[in-house]
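Worksheet: one structure, shown below.
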Amino acid sequence: MFKEGEFVLIKYGDKRFLRKLQRGQSVNVKKDVLKLDELIGKPEGVKIGPWEVFRPDLEDVILLGFERKTQIIYPKDAFYIAYKLSLDRSSRVLEFGTGSGALCAVLSRLAGEVWTYEISEEFYKTALKNFRRFGLGGNVRFHLGDFAQAEVPERYFDAAFVDVKNPLPYLHKVHRV
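Quick note on the working numbering: the sequence shown kicks off at 8 and runs consecutively.
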């Protein structure tokens, strides 16, 4: 059953909306109005007129809910990257170039621990806001700063993902950790 305060995925034909269930709020398309109050206490998959309502998956959250200050690695590509890295709940992953946090969200869903570094304060704050808004990343350590100056244990990580303009200066350090 849907509860007040949780996010829902609302489908209307080929349109999709991600909304937080709050009393007094609605979604309007053409002449059709869906009052979000009506969804509280209803089961997932409920159909109300032309509207269908579901719990969002991580892809929905990233594509429809994340604020973006940067280009993102799309979820389908991020999941493929994670698959190729053979990540599991015992994996420790290093990422730098957090950006808006899309790849980090996928990595955190699959790995046991993620350390992510972002040099831009604006992007760092955006990623934190995205994670907090959707209750993600209990296994993520966010770091504001340049990975080149970071103190990290040697041979600690199982995988690393580098998403910066010029990765060459970082490769020696990544190889050690």
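C-beta: ideal position from N, C-alpha, C; glycine also.
Apply the 10 Å Cβ neighbour rule to residue i and answer buried if 16 or more other Cβ atoms are within range, or exposed otherwise.
i	result
Glu102	buried
Gly144	buried
Ser107	buried
Val68	buried
Asn137	buried
Using DSSP with H/G/I as helix, E/B as strand and the rest coil, what is residue i?
i	result
Ser115	helix
Tyr81	coil
Arg140	helix
Val169	strand
Lys132	helix
Phe9	coil
Asp95	coil
Across which residues does DSSP place residue i in a beta bridge pair?
i	result
Thr123	Glu102, Phe149
Tyr19	Lys22, Trp58
Val36	Asp39
Phe14	Lys27
Report yes or no: is there a C-beta of chain D within less than 7 Å of the C-beta of residue i?
i	result
Gln29	Absence of chain D from the displayed structure is noted, only one protein chain being present.
Anyone know if the C-beta pair for residue i and residue j falls short of 7 Å?
i	j	result
Ala185	Leu92	With the chain covering 8 to 184 only, the question about residue 185 has no answer from this structure.
Thr133	Lys76	yes
Leu25	Leu94	no
Is residue i near the ligand SAH, judged by its Cβ being under 6 Å from some heavy atom?
i	result
Phe130	The model depicted lacks the ligand SAH and carries no ligand whatsoever.
Q) For the region 152–170 against the region 113–126, are there 3 or more C-beta pairs whose distance is under 8 Å? A) yes
Q. Pairing CB atoms from the region 17–25 with CB atoms from the region 36–52, are three or more of them under 8 Å?
A. yes
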